[in-house]
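Numbering (the numbering used here), first residue to last: 100 to 481.
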């Protein structure tokens, strides 16, 4: 039996990666030091955010940037900014949008659930969501037909949860259509590796998570044109006030973005290779589509999904990235896996494969991993 942390929760052996349900990434010593230092002093938040603006711009090549409390709050703030611009009177009115261009176009196939629907985040600003296309199809003509004199912005979502077999217009087509209509193109790349390709494609604003790939404390990062970033920042004096980020989030994001965009890619790959080698001592694995992941074979007749759920219910819990019964494989993510944990994870998986048994609760295995039962029983789980 593992001992709970002093915070009252067991430490998870992480072969899943950076989902919010596991607290996303872990912070480096440099990021922790930045957070510790800022927590011990008083600063003017507007001035600190101005410094963050320059740090984000220097790292990404954007005109400007700012820090939000999360990527999801960035969705709300971006939609609000598209409606109000830098007009503080309009900022103060939201979510009352009477008289404003208050429609946001979001393709139906891009309206994914990341823990909540993207369209719900946009509607929190007061905007109305127009969703052209279908779950697997949205071309340029769908977008053009959805734009009107009421349109405030067009949204593009970069996510693995968007139907990979679908037929969707490219981000370059989104940019061309949005700009021809005189509205901004806003990109949500919550778990994306790099905002720069979207900026280079002409996106006016890119929203990303700072605490996933970059390893900041819980925070989001907005970057893009100075005018739109400024309009986003001014939402702190309107609907964004309820989702403001603290000084620790801002300083941590500043440190993390500098490290992330200057990291040693070869050293990163070497670390993943070492984790994979440790897993291979106990498991049959092979490379996955991403260099940061490996696939673990599950014996014929054994349910990968059941194994994954049993591992999650164990003590300590082991979380894997995905379980594919059809292929007979577990997907293991190496990015947040500690070196000292790799062997323990492999041993736990090997034992579960040797002695398969049904889990206490068989939930669909995906990166949300919640069940109605667990939500309704909270905080007194059985």
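Note that CB positions come from ideal geometry on N, CA and C, so glycine has one too. Since this is a predicted model, take the numbers as computed values, not measurements.
Using a 10 angstroms sphere on the CB of residue 311, the tally of other CB atoms reaches 16 or more, which defines it as buried.
With respect to residue 294, residue 252 sits apart: the two C-beta atoms are not nearer than 8 Å. Here DSSP, grouped into helix, strand and coil, assigns residue 235 to coil.
DSSP lists 227, 250 as the bridge partner or partners of residue 202. Per the C-alpha coordinates, the member of 274, 409, 393 positioned closest to residue 441 is 393.
Under DSSP, residue 386 shares a beta bridge with 393.
Note on residue 139: under 16 other CB atoms within 10 angstroms of its CB, so exposed under the neighbour-count rule. Using a C-beta cut-off of 8 Å, the stretch 363-381 makes no contact with the stretch 152-161, since fewer than three inter-stretch Cβ pairs fall below that distance. Nearest to residue 465 by C-alpha distance, out of 109, 333, 120, is 120. In the three-state DSSP reduction, residue 124 falls in the coil class, being neither helix nor strand.
Residue 155 and residue 331 do not touch by the CB rule: their CB atoms are close to 12 Å apart, not below 8 Å.
Going by C-alpha positions, residue 409 is about 32 Å away from residue 234. Excluding five sequence positions before and after residue 397, the CB atoms of its chain that fall closer than 7 Å to its own CB belong to 403, 406, 427, 428, 429, 452, given in chain order. A distance below 8 Å separates the beta carbons of residue 420 and residue 114. In the structure shown, residue 290 falls within a coil segment according to DSSP collapsed to helix, strand and coil. Residue 211: not part of any alpha helix (DSSP H); DSSP gives it neither H nor E. Assignment of residue 353 by DSSP, reduced to helix, strand and coil, places it in the helix class.
The Cβ atoms of residue 445 and residue 378 lie closer than 8 Å to each other.
According to DSSP, residue 432 shares a beta bridge with 392. In this structure, the CA atom of residue 255 is about 13 Å from the CA atom of residue 296. DSSP lists 428 as the beta-bridge partner residues of residue 423.
Collapsing the DSSP output to three states places residue 402 in coil. Assigned with DSSP and collapsed to three states, residue 185 falls in coil, not helix or strand. Residue 276 is classed as buried because its beta carbon has at least 16 other beta carbons within 10 Å across all chains shown.
Excluding its 5 nearest sequence neighbours in each direction, residue 325 has C-beta neighbours in its own chain below 7 Å: 162, 163, listed in chain order. Note on the stretch 305-329: whole beta strand (DSSP E) runs with a minimum of 3 residues are 319-323, in chain order.
Excluding its 5 nearest sequence neighbours in each direction, residue 316 has C-beta neighbours in its own chain below 7 Å: 126, 134, 310, 347, 348, 351, listed in chain order. Within the same chain, Cβ atoms closer than 8 Å to the Cβ of residue 218 are found at 205, 210, 228, 230, the five residues on either side in sequence being excluded.
DSSP places residue 413 outside any alpha helix (DSSP H), giving it a letter other than H or E. Note that the C-beta distance between residue 257 and residue 303 is not below 8 Å. In this chain, residue 196 is not harboured by any beta strand (DSSP E), its DSSP state being neither H nor E.
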